[in-house]
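Below you'll find the structure, written out as C-alpha cells, and then a few comments.
2 protein chains.
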Amino acid sequence: MASHSAKKRKSRPAKKATSAGGAGSPGWASPAAQVLRVPDGFDVASFDRRSTPGFTGDKSSGRAAVAAHGAELSELQERLFAEGRCGGSRSVLLVLQGMDTAGKGGIVRHVVGLVDPQGVAHRSFAAPTAEERRHHFLWRVRRSLPRPGYIGVFDRSHYEDVLVARVENLVPPETWEKRYDEINRFEEKIVASGTPIVKVALMVSYEEQRERLAERLDRPDKFWKYDPNDVDARSLWPHYQDAYQAMLDRTNTEVAPWHVVPADRKWFARLAVSELLLDALRRLDLGWPPATFDVEVEKRRLAAT
Amino acid sequence: MASHSAKKRKSRPAKKATSAGGAGSPGWASPAAQVLRVPDGFDVASFDRRSTPGFTGDKSSGRAAVAAHGAELSELQERLFAEGRCGGSRSVLLVLQGMDTAGKGGIVRHVVGLVDPQGVAHRSFAAPTAEERRHHFLWRVRRSLPRPGYIGVFDRSHYEDVLVARVENLVPPETWEKRYDEINRFEEKIVASGTPIVKVALMVSYEEQRERLAERLDRPDKFWKYDPNDVDARSLWPHYQDAYQAMLDRTNTEVAPWHVVPADRKWFARLAVSELLLDALRRLDLGWPPATFDVEVEKRRLAAT
C-alpha cells in the first residue's frame, strides 16, 4: 500500500515554560500577569479603564498578538487535555467578572475560541434558578468546576454573590459579609487540588458602558443583548464599584489573586486575558503523557493487521 | 464626551436561507446534504473512503472553503443562540459516528471550532459509567441533548449502543435488536421538538486506520491517543462494518437521515461536515429576535444616565 501519510508532522517539540518573572510576550514591558495583578491598596475609582498597562503596542499589534497566541494556547490546552485523559487531575479555571458590556462574551469568543472546543467547559452564571436558591451559594459553582484536563470558563461566577447580591440586597448583609471568607476557603481548596484559578475583573467605564448599550439599541442584531434593567442598574453604578472594591480587597489571595483588566478597549482586554491564560497554562509545565504500553510491541502488532 | 465608537458596524444584513434544492456552495456540483445523504440500498462495503463525492475542488480549495464558512456559521450560531435566549426552543444536534481515527476530534476542532464556544455543548460518549449502566441506554443521551439555542455535538452517541454493544456482545441480541426502533422513536421526538439532527457517519478505510494508528505510535505527542485495544478491535473490523450497515439500513429515517462521509481525506471530511452543519442552520431560517421593549424610549432613558 502506498503510504499517503508521507506528510506526517514531526512530533512537536515541547515549549519550555517561561519562569514567573521571565521576559513577557513581545510588546509587553513586563509580563501581563505581573502588571495586571491587583496590588495592595488598589483603588477601583481611580483605575483608568482606557489604559493598556504594560503593553507598548497599538491595537493592530495587540490583535496580532492574540492571534499569534493561538498555536501555543492550543497546544498547551491539548497537553492539559491529554494529561486529564491519562489520569491527571489538573485543570484551569478562568473566572471572568465584569459589569454588563464589559466584554466577557467577546473574550470567550475571541480568546477561548482559539482552542479546541472539546477541551473547554464554559458556564454562564445567570440569576440562580429556584433549585439553585435552595442550596448554598457555592453549590452550583462546585458542580460547574472543570473536570481534569479541561479549561473551565466562568462567565460571571460565585462573585455575583458578593456583587449583585450585595448591591441589590438580595440577601442580608450578614450573609454576604460571610461570603468573602467562604470564597477564599473554597478557592484555596480548588487550587490545592490542582486547578489554578485565573481571576479577571474586566473594568469598563461608565461612559463606555453607555456607548455599548447604545449600540445594542442601534443595531437590530443586538436587541437580544439589551435588557431595560441594564439602564436601571446604571443608577447603582457607584454601589457596584464599591462592591468591586470590597471584592478585590477581600478575595485577592496569594493562591488565587485577582487581575484587573481595563476593558474600554476590547482589543486590549482580549490580549490581556490571552496573556493571563497562557501564563497559567505555561506554569503547569505540561508535557505529553508517556506511553503506558510498549511502543515497539504495538508497532509490530499493528503492522500484522 | 467624544464618541469612540464611530467605527460601529452596521447591523448585519440577514443572509437568506438557501432552499433545500438550491445551488450548493462553490466547488460543489450538488449540495453536500444531497450527495452525502445515504440512499436506499447503500452498501457500506463498496463505499470509497478516499473519494470526495460532490466536490470538484482539491485539498487547498477544500480547506479554504471550510475557513470561508466561518463567518456564516458564526452568525447563524449566534442567531440560534439569541433565539434560545429570547424564549425559542430550537437547537441543532450534530452526531459524529465513526471508527477510531475516523477524525471526529479534528472535526470538532476545525469545524465546530469556527463558532463561539459559548454556544456549543460538546459531549463525548465513552463506555458508560456504572451509573449510566443502571439506566436505559438513552438516559445519558437524553440528559446530554442541547438546550435551546445551542449547537450540541455528540462525539459518538447512542449509536454506540448498536455498534460496539452489538459487535462486542455487551448485551444480548434481543436487546440491541430493539434499539434501532427505540432510537428512531427517540430521534423523531427530538426533531419534532425543534432540534434537527445532523447524523454523520465518518467512514475511514481499514488501511487508513492502520496509518493513523501507526502515526500515534510514531509521535510521542500522540501516545495518549493510542490504546492497545484499538489493534484488537481491528480484528473485528468486518463485524463493525456489518453493524454500520445495519445502523444505516435501520435508522436512516426521513426526519433524521444519515450522511456518509468518506474520511480518508481529513480535509474532505471537515469540509463535508461544515457544509452539512451550515445547511442545517440555514434551514432554520434564523432571524434576529425582535426588541421586546420600546427602542426609542430606551434610547432616551439611556441617554439620561
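Heads up: the sequence lines are chains S and P, in that order.
The working numbering runs 83 ahead of the 1-based position in the first sequence.
The working numbering runs 83 ahead of the 1-based position in the second sequence.
Just so it is clear, CB atoms sit at the ideal spot from N, CA and C, and this is done for glycine as well.
Take the Cβ of residue i as the centre, count every other Cβ of all protein chains shown within 10 Å, and call the residue buried at 16 or more, exposed below.
{"i": "VAL380(P)", "result": "exposed"}
{"i": "ALA316(P)", "result": "buried"}
{"i": "GLY105(S)", "result": "A caution first: GLY105(S) carries a pLDDT of 42, below 50, which makes its placement in the model unreliable, though a value can still be read off. Burial call: exposed."}
{"i": "THR184(S)", "result": "buried"}
{"i": "LEU369(S)", "result": "buried"}
{"i": "VAL203(P)", "result": "buried"}
{"i": "ASP377(S)", "result": "exposed"}
{"i": "PRO373(P)", "result": "exposed"}
{"i": "SER270(S)", "result": "The residue asked about is misnamed: residue 270(S) is Glu in this sequence, not Ser. Buried, since its Cβ has 16 or more Cβ neighbours within 10 Å."}
{"i": "GLY232(P)", "result": "buried"}
{"i": "TYR289(P)", "result": "exposed"}
{"i": "ASP375(S)", "result": "Reading off the sequence, residue 375(S) comes out as Thr, not Asp. So THR375(S) ends up on the exposed side."}
{"i": "SER357(S)", "result": "buried"}
{"i": "GLU161(S)", "result": "buried"}
{"i": "PRO345(P)", "result": "buried"}
{"i": "THR139(S)", "result": "exposed"}
{"i": "ASN62(P)", "result": "Residue 62(P) cannot be examined here, being either before or after the span of chain P that is shown, 84 to 388."}
{"i": "ARG225(S)", "result": "exposed"}
{"i": "GLU291(P)", "result": "buried"}
{"i": "LYS261(S)", "result": "exposed"}
{"i": "ASP304(S)", "result": "buried"}
{"i": "ASP238(P)", "result": "buried"}
{"i": "HIS87(S)", "result": "Since pLDDT at HIS87(S) reaches only 41, below the 50 mark, its modelled position is unreliable, and no value is offered."}
{"i": "HIS205(P)", "result": "buried"}
{"i": "ALA187(P)", "result": "Residue identity check: residue 187(P) is Lys in the sequence provided, not Ala. Classification of LYS187(P): buried, given that the 10 Å Cβ count is 16 or more."}
Please identify the residue among the options whose C-alpha is closest to the C-alpha of residue i.
{"i": "GLU298(P)", "options": "LEU177(S), VAL118(S), ALA386(S) and HIS205(S)", "result": "ALA386(S)"}
{"i": "HIS322(S)", "options": "ASP199(S), VAL343(S) and VAL127(S)", "result": "VAL127(S)"}
{"i": "ASP347(P)", "options": "VAL287(P), PRO122(P) and GLU260(P)", "result": "VAL287(P)"}
{"i": "PRO211(P)", "options": "LEU367(P), ALA248(P), ASP313(P) and VAL378(P)", "result": "ALA248(P)"}
{"i": "GLU155(P)", "options": "ASP199(P), GLU214(P) and LYS187(P)", "result": "ASP199(P)"}
{"i": "TRP222(P)", "options": "VAL236(P), ILE234(P) and ASP244(P)", "result": "ASP244(P)"}
{"i": "TRP111(P)", "options": "PHE208(P), ALA148(P), GLU260(P) and GLU270(P)", "result": "ALA148(P)"}
{"i": "SER134(S)", "options": "LEU285(S), GLU337(S), GLU214(S) and LEU253(S)", "result": "LEU285(S)"}
{"i": "HIS152(S)", "options": "THR336(S), LEU197(S) and HIS342(S)", "result": "LEU197(S)"}
{"i": "SER227(S)", "options": "ASP313(S), GLY171(S), LEU176(S) and GLY186(S)", "result": "LEU176(S)"}
{"i": "ARG68(S)", "options": "GLY124(S), ALA115(S) and VAL118(S)", "result": "Residue 68(S) is absent from the model: chain S starts at 84 and stops at 388."}
{"i": "GLY167(P)", "options": "SER108(P), GLY277(P), HIS205(P) and LEU119(P)", "result": "GLY277(P)"}
{"i": "SER122(S)", "options": "ASN312(S), LEU300(S) and TRP341(S)", "result": "For clarity, residue 122(S) is Pro in the given sequence; the question names Ser instead. Checked all of ASN312(S), LEU300(S) and TRP341(S); the closest Cα to PRO122(S) is TRP341(S)."}
{"i": "TRP307(P)", "options": "SER144(S), PHE138(S) and GLY170(S)", "result": "GLY170(S)"}
{"i": "ALA326(S)", "options": "ASN252(S), VAL281(S) and VAL118(S)", "result": "ASN252(S)"}
{"i": "SER108(P)", "options": "SER174(P), PRO311(P), ARG132(P) and GLY137(P)", "result": "GLY137(P)"}
{"i": "ALA329(P)", "options": "ASP310(P), PHE237(P) and TYR242(P)", "result": "TYR242(P)"}
{"i": "SER143(S)", "options": "VAL224(S), ARG384(S), GLN292(S) and TRP350(S)", "result": "TRP350(S)"}
{"i": "GLY235(S)", "options": "ARG384(S), VAL250(S) and ILE280(S)", "result": "ILE280(S)"}
{"i": "ARG383(P)", "options": "GLY181(S), ALA115(S), ALA339(S) and ASP301(S)", "result": "ASP301(S)"}
{"i": "SER129(S)", "options": "ALA355(S), ALA363(S), GLN324(S) and ARG120(S)", "result": "GLN324(S)"}
{"i": "ARG230(S)", "options": "ARG239(S), SER207(S), PHE208(S) and GLN201(S)", "result": "GLN201(S)"}
{"i": "GLU337(S)", "options": "LEU367(S), LYS282(S) and SER207(S)", "result": "LYS282(S)"}
{"i": "HIS219(S)", "options": "TRP259(S), ARG192(S), LYS187(S) and LEU246(S)", "result": "TRP259(S)"}
For the alpha helix (DSSP H) holding residue i, just list the boundary residues, first then last.
{"i": "ALA115(P)", "result": "115-118"}
{"i": "VAL250(P)", "result": "247-250"}
{"i": "LEU354(S)", "result": "349-366"}
{"i": "ARG146(P)", "result": "142-168"}
How about residue i: is its Cβ closer than 7 Å to a heavy atom in the ligand ATP?
{"i": "ALA209(P)", "result": "In the structure shown, the ligand ATP is absent, as is every other ligand, since no ligand is present at all."}
If you follow the beta strand (DSSP E) that residue i is in, where does it begin and where does it stop?
{"i": "HIS386(S)", "result": "One point to set straight first is that residue 386(S) is Ala, not His, in the sequence displayed. Element bounds for ALA386(S): not the beta strand (DSSP E) but the alpha helix (DSSP H), 378-386."}
{"i": "VAL236(S)", "result": "234-238"}
**Message:** If we require 3 or more residues per run, which beta strand (DSSP E) segments fall completely within the region 179-231 of chain S?
**Reply:** 203-207
**Asked** Mind listing which residues of the region 194-208 of chain S have their C-beta closer than 7 Å to chain P's C-betas, in chain order?
**Response** VAL195, GLY196, ASP199, PRO200, GLN201, VAL203 and HIS205
**Asked** Relative to chain P, which residues along the region 211-232 of chain S have a C-beta separation below 9 Å, given in chain order?
**Response** none
**Message:** Tell me which residues of the region 139-171 of chain P have at least one Cβ-Cβ distance to chain S shorter than 7 Å, keeping chain order.
**Reply:** ALA165, ARG168 and CYS169
**Request:** Quick one: which unbroken alpha helix (DSSP H) runs of 4-plus residues sit fully inside the region 263-350 of chain S? Chain order, please.
**Result:** 289-301, 311-317 and 320-334
**Asked** Using a beta-carbon distance cut-off of less than 9 Å, what residues from the region 123-139 of chain S approach chain P?
**Response** ARG133
**Request:** Report the residues of the region 244-261 of chain S with a CB closer than 8 Å to any CB of chain P, ordered along the chain.
**Result:** none
**Asked** Between the region 340-361 of chain P and chain S, which residues of the former have CB atoms less than 7 Å from a CB of the latter, in chain order?
**Response** none
**Asked** Relative to chain S, which residues along the region 262-294 of chain P have a C-beta separation below 7 Å, given in chain order?
**Response** GLU290, ARG293 and GLU294
**Request:** Check each residue of the region 110-123 of chain S: if its Cβ is closer than 7 Å to any Cβ of chain P, include it; give the result in chain order.
**Result:** none
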